[in-house]
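Asker: According to my numbering, the sequence shown is numbered sequentially starting from 1. Positions of the beta carbon are idealized from the N, C-alpha and C atoms, including for glycine.
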Amino acid sequence: MISSLFLTGCSSDSSGSDGGNSDDHTTVTLWHNLVDSELKNLEKTVQAFEEKNPDIKFKMVYTASNESSDEKLLTAIAGGNSPDVAYFDRFKIASWAAQGSLTDLTDMAAESGITEDMYYPSAWEQSHYKGKLFGIPINVGSRLLFYNKDHFKEVGLDPENPPKTISELEVAAEKLTLKDGNRFKRIGFIPWYAQGWLYTWGWAFGGDFYEEETGKVTANDPKIVESLKWMTDFANKYNVEDIDGFTNSQGEGGMDPFITGQLSMKVDGNWSVSNIEKFKPDLNYGVTPIPTPTGKDFNTWPGGYAFIIPKGSKRVDEAWRFLEFTGKEEGQRLLNENELYSSMPSVNKTSDYTKDPIQKEFIDALENSHHRPAIPEGQLLWNELVDAVQNSIRGNGTPKVNLDKVTDTVNKALEKYK
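Listed below in structure tokens is the structure:
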């Protein structure tokens, strides 16, 4: 969910790499990193757009993952060879907008009737920087607590009444855990496993990571400190080294410990549902909102992508016509069919997902969702928060001291953008 735009690879079209014009159409170049069903959805979307706009043809360029991807796009922009459209991680929009690398879409969106009320607020806000729109939100994810119903029955917990409060989560975790000496046969829950980031728990505890009015990071919000102290207490109770021994022996895909039955509960995203269907379709599990201290005010947080127009595009008008198409219901349905959730509630509420009780839970959770701060130093904040968690659960500084450091470090880095 936080992957970069990936920029090496080859084109699916034999036309020139920079796009261009012919007598009967303009060629727009689109860079993307999609494969499998997501790529098929993009191809269907482009085809539908071209049928409605016969004067525009697309050159789609697959751009595979590598460490230097961001530099390659920046180099292309600086050299006047940027693509016209790119499929781009919303998490990075603020950083790139601050560098002057993205086209401001604010006026074009307003003229086209693309407005805030059409989207989930978290997706819309994360597509902005300093009040200007730089991306059209395409999709969102969602995070919930997964739990194994058979494990619940085994230890006398009600599988139809999963934990709602942090206290109930702690009780369930203890009952579900099976340990032989230093070795876990099964572990009930690990707060920082899978999607158990500090963002997850900081928001669950009622904290805020950023103050919009002052433009300051507030990672040391007392509620966030409280959430990290809770994670640290958990690490001390179950011995973080023993937990590490457990998690280090696990895998992904079919070897996910929740799928293999070695982990009873985890916070994870809707994308994990397809893994369960693929590797353990008979798994008896449920999903429920991420517990909070009060058992109320449940929330989630989505990542997701947007279409952007890199600075220097020679075909901004044609590129915008595509962004306008994908920014409204028809384009959003085509892009997200049978794969992802749309960034538009109206699309999700009328999709086949609502017929699936598991998928519906994820969609319903999006009504109260947060987003990572739309700041130029979003990656630095992410990295610092990860370090704060690892240091705290291992006894290297208290949660308060570590989060004070995060706050100071990122706010100092933000000074240069004022």
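Is the segment 81-96 close to the segment 370-384, with three or more CB pairs under 8 angstroms?
Answerer: Verdict: yes, contact present.
Asker: Just checking, does the segment 133-142 make contact with the segment 269-280 on the three C-beta pairs under 8 angstroms criterion?
Answerer: As far as the Cβ criterion goes, the segment 133-142 touches the segment 269-280, which means the pair count is three or higher.
Asker: Looking at I309: is its Cβ nearer than 8 angstroms to the Cβ of F279?
Answerer: Against a cut-off of 8 angstroms, the Cβ pair of F279 and I309 comes out as no contact.
Asker: So, with DSSP's three-state summary, where would you put N148?
Answerer: Looking at N148 - three-state DSSP - the assignment turns out to be strand.
Asker: Taking the C-alpha atoms as reference points, what is the distance between S369 and S346?
Answerer: The straight-line gap from Cα to Cα measures roughly 16 angstroms.
Asker: Using 10 angstroms around the beta-carbon of T75, count the other beta-carbons present and answer buried if the total reaches 16, otherwise exposed.
Answerer: Exposed.
Asker: Output the distance between the C-alpha atoms of S17 and K59, rounded to the nearest integer angstrom.
Answerer: Note that S17 scores a pLDDT of 42, beneath 50, so its modelled location is shaky; the value from the coordinates is reported in the next line. Whole-angstrom Cα-Cα distance: 8 angstroms.
Asker: Could you spell out the range, first to last residue, of the beta strand (DSSP E) harbouring K31?
Answerer: Rather than Lys, the amino acid found at residue 31 in this sequence is Trp. First-last of the beta strand (DSSP E) with W31: 26-32.
Asker: Ends of the beta strand (DSSP E) at L178?
Answerer: 178-180 is the extent of the beta strand (DSSP E) around L178.
Asker: Do you know offhand how far T326's Cα is from W197's?
Answerer: Using only the alpha carbons, I get a separation of about 31 angstroms.
Asker: So K57 is in the alpha helix (DSSP H); what residue range does that whole segment cover?
Answerer: First-last for K57: 56-62, but that is the beta strand (DSSP E), not the alpha helix (DSSP H).
Asker: Exposed or buried, Q126, counting other C-beta atoms within 10 Å across all chains shown (16 or more means buried)?
Answerer: By the neighbour-count rule (16 or more Cβ atoms within 10 Å), Q126 is buried.
Asker: When you compare only the Cα positions, how much space is there between S15 and V35?
Answerer: Its pLDDT being 34, under 50, S15 is placed unreliably in this model, and the value from its coordinates should be taken loosely. Straight-line Cα distance between these residues: approximately 21 angstroms.
Asker: Using 8 angstroms for Cβ pairs, my map puts L102 next to K418. What's the rounded Cβ distance?
Answerer: So it is not a contact: roughly 19 angstroms between Cβ atoms.
Asker: With the cut-off set at 8 angstroms, would you say E361 and V316 are in Cβ contact?
Answerer: Going by C-beta atoms, E361 is not nearer than 8 angstroms to V316.
Asker: Excluding the five sequence neighbours on either side, which residues of its own chain have a C-beta within less than 7 angstroms of the C-beta of A319, listed in chain order?
Answerer: Closer than 7 angstroms at the Cβ level, and outside the excluded window around A319, lie V28, D84, V85, I309, S313.
Asker: Count the other CB atoms, across all protein chains shown, that sit within 10 Å of the CB of V406; report buried if there are 16 or more and exposed otherwise.
Answerer: It counts as buried.
Asker: Would you mind sorting P357 into buried or exposed? The rule is 16 or more other CB atoms within 10 Å of its CB.
Answerer: Exposed is the call here.
Asker: On the criterion of 16 or more Cβ atoms from any shown chain inside 10 Å, does P479 qualify as buried, or is it exposed?
Answerer: Residue numbering for the chain in the displayed model covers 1 to 418; residue 479 lies beyond these limits and cannot be assessed.
Asker: For the alpha helix (DSSP H) that D317 lies in, which residues bound it at each end?
Answerer: 316-326 is the extent of the alpha helix (DSSP H) around D317.
Asker: With R333 as the anchor, note down where its beta strand (DSSP E) starts and where it stops.
Answerer: No beta strand (DSSP E) holds R333; the alpha helix (DSSP H) holding it covers 329-336.
Asker: For a quick check, are the C-beta atoms of N41 and L335 less than 8 angstroms apart?
Answerer: Yes; because the gap between Cβ atoms is below 8 angstroms, this pair is in contact.
Asker: Give me the Cβ distance between F146 and M231, rounded to the nearest whole Å; I'm assuming they're in contact under 8 angstroms.
Answerer: With a Cβ gap of about 18 angstroms, F146 and M231 do not count as contacting.
Asker: For the alpha helix (DSSP H) containing T300, list its first residue and its last residue.
Answerer: No alpha helix (DSSP H) contains T300, which DSSP labels as neither H nor E.
Asker: Cβ of A204 within 8 angstroms of Cβ of N299?
Answerer: Contact: yes.
Asker: When the Cα atoms are used, what is the spatial distance from Y238 to N402?
Answerer: Going from the Cα of Y238 to the Cα of N402 covers about 22 angstroms.
Asker: Starting from G269, trace the beta strand (DSSP E) both ways and give me its first and last residue.
Answerer: Taken as a continuous stretch (DSSP letters only), the beta strand (DSSP E) holding G269 covers 265-269.
Asker: Given T409, which residues of its chain have a CB within under 6 angstroms of its CB, disregarding the five upstream and five downstream residues?
Answerer: So the list reads E384, once near-sequence residues are dropped.
Asker: Can you tell me the Cα-Cα spacing of E160 and E415, whole angstroms?
Answerer: If you take the alpha carbons of E160 and E415, they lie about 50 angstroms apart.
Asker: Assuming contact is defined by CB atoms lying nearer than 8 angstroms, are Y199 and L366 in contact in what I supplied?
Answerer: Result no, Cβ atoms of Y199 and L366 do not sit closer than 8 angstroms.
Asker: Quick check on this structure: which residue in L105, P289, D180, K400 has the alpha carbon closest to the alpha carbon of I136?
Answerer: Answer by Cα proximity: L105.
Asker: Just the C-alpha distance for R333 and S342, rounded to the nearest angstrom, thanks.
Answerer: Going from the Cα of R333 to the Cα of S342 covers about 7 angstroms.
Asker: Could you spell out where the beta strand (DSSP E) holding K425 opens and where it closes?
Answerer: Because the chain here runs from 1 to 418, residue 425 falls outside it and cannot be looked at.
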